[in-house]
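> Have a look at this one before I ask anything.
Chains as they are written, first to last, in this note's numbering: chain A, 31 to 512; chain B, 55 to 367.
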């Protein structure tokens, strides 16, 4: 039994009359009910007068600069009946298409986005399914920057060759791999793969993490040769063409396409890619399909096929073509060339359309070089070389130009020195920049038999839309080309 | 359990075919509430016996703060030590009243303990994490509402009149009991509390099953699209399904993509305090008028909280 001293202050007998205590209770009860009812009413009113609000947003920003068709999912706090589609604004400008599904507004970017850019997306006129107040949903995100990688060959000067990288938005170049002689390289994020040339001319394959720089060597057959090393822009996959020397009349690898899973659980094993006949494929060229785990390859009979290197499903034939030219940036539209025409194969649906490109409007003394498609329409880049006679000598100048729908020409880049020659150019995965490797007139072949280059080569990264050079660094062989 | 086992063993094989789907649903839903609640009811009865019989006289009251507000705050956090779901708290609350706690203080414990206990907090965190403030709103909402009820009833002019005459008689009789061994008293009390609780549990579970069969969940889900009606829809669902607070977060997680966060908060706060089964159990102790008052205050507070979350979250 409790005593008074153990009771709480409320429970102890007081001098307060019963009627007063009853009034206090009634006031508390009625007051609480009134306050709670008012609060509920006020919040209900606030709910009615405010439109849908953004709860969550999902976007893989890493892929936005690599692939077209990336989706920004805006999840609002109530089902959406309609939005003002014509009023959707993206700053800086980017084309989007919008869809609504219950509480979700999905915005699909028609093309890859620019690097290192702060984007703001505004969706006006968002009306909920249950109340008419419209609201504007706004979301901001920043796309990742990109590093430019080049290979500088210095073995003719008695120094090791180096792979260097430099952030596009500024900073000093950083050496991420070096060896006495480097044939080619490719990178995925901070992982750098490099093919070196040994004294006997054979190749070794190394992988290194650019952050800690401790190279590891892959186990490939002694005396083997490697070509066409490339890394997927979206998946942790690399592939190369491997040949091994003949031993006792047997050649273990003969231009075989080999894939390497670079993921932490991938084991870095060398896995053969199976061709159309279900056997190990011998290929002349190949390339990854952006955004997928598939690649397209061309065998020595010029048959082109596509195969998923993870599932290793039977390869899909894509016809016979003379040359694989590459993909429209950020898409799965493969450009192939034949003697009589070019074609675009949409690997998403298998359709093939003939490329009808406007001819560049160029003078008689100007000679066209390789072209690269820039978008789904018919805009493309072309390198041009002009020959002229000045006094008693021939002068050769080169430039990179964009050719529009009607064949109109716009200069994108011309070397600072008129006599420098554009040796190679590579469009960035999002189609925003082009890395142009040019060498001085005095530059000479570097003496490498596989993947040869020129001495005195510099790479300039140029914004295609403006023609503005944003970065210059020594070396060439940008892996944007692979 | 033995009863259900016996029914299953001796019932004809074809019995299920004879019953309509609706009747089968009614039995399934009612029995599921009973099975889910039964362990907690027995645990609550055992804890109640522990408090009433095995704790030394005055132990609880001696160790509680004397200041009324601090005392209620302490009682509202007692669930941390006694992680029983709401149906188990009713017998425990009865025991606390018999031990001398005021009705207001006991109500504070009764309403807060199902939410402010580690099992409920952990399961809510596992279901929702920190998203939309659901966990924080549940904890703070449960704490504030329970203390509000305690504060209101602390000034009742005649607290004993809040209790049913039968329970009042039990309280009075408790002090006149003839001396007996603690074990004997424990057994007697177990029988008495079981006799009081189980019929209420069965009736409450049957009503819960009946309403769930009668009211289509599709209606509730349709209402769930509305920022205002969704709050009341899930409060109604909480009232009907009468699910234990220890597992209700996982139950409502399935509706998480349909309903707004405020509605989920209202479900998680209102359900553990007031539902069909709880009202049936609480009716063994409190008068109908008291329960109506408590239901109105808790309902309004839960609705205000849910609507606030929908406005702000």
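Just so it is clear, CB atoms sit at the ideal spot from N, CA and C, and this is done for glycine as well.
Please read all numbers here as calculations on a predicted model, not as lab measurements.
1. Contact between the stretch 332-348 of chain B and the stretch 130-149 of chain A: three or more CB pairs below 8 Å?
2. Check the Cβ of residue 128 of chain B against every Cβ in chain A and list those closer than 9 Å, keeping chain order.
3. Are any of the Cβ atoms in chain C nearer than 7 Å to that of residue 56 of chain A?
4. Along the chain, where does the alpha helix (DSSP H) containing residue 160 of chain B start, and where does it finish?
5. Roughly how many angstroms lie between the CA atoms of residue 32 of chain A and residue 69 of chain A, to the nearest whole one?
6. Is the stretch 428-436 of chain A touching the stretch 400-409 of chain A, taking contact as three or more C-beta pairs under 8 Å?
7. On a Cα-Cα basis, can you pick out the residue from B:114, B:255, B:313 that is closest to residue 276 of chain B?
8. Tell me which residues share the same chain as residue 387 of chain A and place their Cβ nearer than 8 Å to its Cβ, disregarding the 5 neighbours each side in the sequence.
9. Check the Cβ-Cβ distances between residue 165 of chain A and every residue of chain B, and say whether any is below 7 Å.
10. Between which two residues does the alpha helix (DSSP H) containing residue 291 of chain B stretch?
11. Between the stretch 255-286 of chain B and chain A, which residues of the former have CB atoms less than 7 Å from a CB of the latter, in chain order?
12. Measure the C-alpha to C-alpha separation of residue 213 of chain B and residue 117 of chain B and round it to an integer number of angstroms.
13. Based on Cα-Cα distance, which residue from A:319, A:193, A:326 lies nearest to residue 312 of chain A?
14. Quick check on the burial criterion: 16 or more other C-beta atoms within 10 angstroms. Buried or exposed for residue 220 of chain B?
15. For residue 318 of chain A, count neighbouring C-beta atoms within 10 Å of its own C-beta (all shown protein chains included) and say buried if the count is 16 or more, exposed if not.
16. Closest Cβ-Cβ distance between residue 247 of chain A and chain B: below 7 Å?
17. Round the Cβ separation of residue 335 of chain A and residue 346 of chain A to the nearest angstrom and send it over; I've been treating them as touching at under 8 Å.
18. Please go through the same chain and pick out, in chain order, the residues whose beta-carbon is closer than 6 Å to the beta-carbon of residue 74 of chain B, but skip the five residues on each side of it.
19. Got a sec: is the Cβ-Cβ distance from residue 99 of chain B to anything in chain A below 7 Å?
20. Among A:268, A:145, A:472, A:156, which has the Cα closest to the Cα of residue 105 of chain A?
21. If you check the beta carbons only, do residue 351 of chain B and residue 327 of chain B fall under 7 Å apart?
22. Does the beta-carbon distance from residue 417 of chain A to residue 395 of chain A come in below 7 Å?
23. Tell me whether residue 35 of chain A is buried or exposed, calling it buried when 16 or more other Cβ atoms sit within 10 Å of its Cβ.
24. Residue 316 of chain A lies in the beta strand (DSSP E); which residues open and close that run?
25. I'd like to confirm the pairing. Which residues does DSSP put opposite residue 76 of chain A in its beta bridges?
26. Can you pull the chain B neighbours of residue 70 of chain A, defined as C-beta to C-beta under 8 Å?
27. Measuring only between beta-carbons, confirm whether residue 210 of chain B sits less than 7 Å from chain A.
28. Please go through the same chain and pick out, in chain order, the residues whose beta-carbon is closer than 6 Å to the beta-carbon of residue 127 of chain A, but skip the five residues on each side of it.
29. Identify each residue in the stretch 126-141 of chain A for which the Cβ-Cβ distance to at least one residue of chain B is less than 7 Å, and report them in chain order.
30. From B:283, B:109, B:189, pick the residue whose C-alpha is nearest to that of residue 153 of chain B; which is it?
31. Is it true that the stretch 92-107 of chain A meets the stretch 168-175 of chain A, where meeting means three or more beta-carbon pairs spaced less than 8 Å apart?
32. For residue 357 of chain B, which residues in the same chain have their Cβ closer than 7 Å to its Cβ, ignoring the five residues on either side in sequence?
33. Is residue 141 of chain B helix, strand or coil when you go by DSSP?
34. Could you name the residues of the same chain whose beta carbon sits closer than 8 Å to that of residue 330 of chain A, not counting the 5 residues immediately before and after it, in chain order?
35. Is any beta-carbon of chain A found at less than 7 Å from that of residue 364 of chain B?
36. With a cut-off of 8 Å on the beta carbons, I'd call residue 480 of chain A and residue 213 of chain A a contact; round off their distance for me.
Looking at the atomic coordinates:
1. no
2. Here the premise fails: no neighbours, minimum Cβ distance about 10 Å.
3. Absence of chain C from the displayed structure is noted, the protein chains being A and B.
4. Per DSSP, residue 160 of chain B is one residue of the alpha helix (DSSP H) stretching across 157-166.
5. With a pLDDT of 44 at residue 32 of chain A, under the threshold of 50, the modelled position of that residue is not reliable, and the figure given next carries that caveat. In a straight line, the C-alpha of residue 32 of chain A is about 40 Å away from that of residue 69 of chain A.
6. The stretch 428-436 of chain A vs the stretch 400-409 of chain A: in contact.
7. B:313
8. 372, 401, 408, 410, 433
9. no
10. 283-295
11. Those residues of the stretch 255-286 of chain B that come within reach of chain A (Cβ to Cβ, closer than 7 Å) are 279, 280, 281, 282.
12. Their Cα atoms are separated by approximately 22 Å.
13. A:326
14. exposed
15. buried
16. no
17. 6 Å
18. none
19. Put simply, the CB of residue 99 of chain B is far from chain A, with every gap to its CB atoms at 7 Å or more.
20. A:156
21. no
22. Yes, Cβ-Cβ distance for residue 417 of chain A and residue 395 of chain A is below 7 Å.
23. With a pLDDT of 48 at residue 35 of chain A, under the threshold of 50, the modelled position of this residue cannot be trusted, and the question is left open.
24. 313-318
25. None; residue 76 of chain A has no bridge partner.
26. Near residue 70 of chain A (Cβ distances below 8 Å), the residues of chain B are 354, 357, 358, 361.
27. yes
28. 138
29. none
30. Of B:283, B:109, B:189, the residue nearest in Cα terms is B:109.
31. yes
32. 285, 286, 289, 320
33. It is helical.
34. 285, 312, 313, 314
35. yes
36. Between residue 480 of chain A and residue 213 of chain A the beta-carbon gap is near 5 Å, inside 8 Å, which marks them as a contact.
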